[in-house]
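Asker: Numbering (the numbering used here), first residue to last: 938 to 1033.
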Amino acid sequence: MGRMQLFTETTVTAVPPVISNPNWHNFGRLARLWNIVLVANLVGTFMVAAGIASGATVTEGVRAAIIQLSGHLVRPAPIDILGRAIPASFLVASIA
938 MGRMQLFTET
948 TVTAVPPVIS
958 NPNWHNFGRL
968 ARLWNIVLVA
978 NLVGTFMVAA
988 GIASGATVTE
998 GVRAAIIQLS
1008 GHLVRPAPID
1018 ILGRAIPASF
1028 LVASIA
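1. If I follow the unbroken alpha helix (DSSP H) through N960, where does it start and stop?
2. To the nearest angstrom, report how far apart P953 and W971 are at their CA atoms.
3. Check whether the Cβ atoms of L967 and V955 lie closer than 8 Å to each other.
4. Going by the CB atoms, is the gap between I1003 and I1018 shorter than 8 Å?
5. If we ignore side chains and look at the alpha-carbon of each, how far apart do I1023 and L979 end up?
6. Taking 8 Å as the threshold (C-beta atoms), are V974 and A1030 in contact?
7. Leaving aside the five residues before and after V995 along the sequence, list all residues of the same chain whose C-beta is less than 6 Å from its C-beta, in chain order.
8. What's the gap between the Cα of A986 and the Cα of V1011?
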């Protein structure tokens, strides 16, 4: 399982230089990397969502199932979702 690697997880390797030498230059470089990853993930998410919403990438039955399932995921309060996301992200990062 530890051989899996997502692009987002490679940002963990950028943290040790900031920890070992905490200065504004290293913080800026880390912030730039994290911002690039965030924007790229948001663009990718939007593109996938647009493909699903338009029906260009999935059939109508699959689209309806995606909407039904995603409705269950966004019902909790945002703070509850964040509370679940934080430990999940540590788990995923530790596996990589």
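Note that the Cβ used here is the ideal one computed from N, Cα and C, for glycine as well. These numbers come from a predicted model, not from an experiment.
Answerer: In short:
1. First-last for N960: undefined, no H or E at that position.
2. 14 Å
3. yes
4. no
5. 18 Å
6. no
7. I989
8. 15 Å
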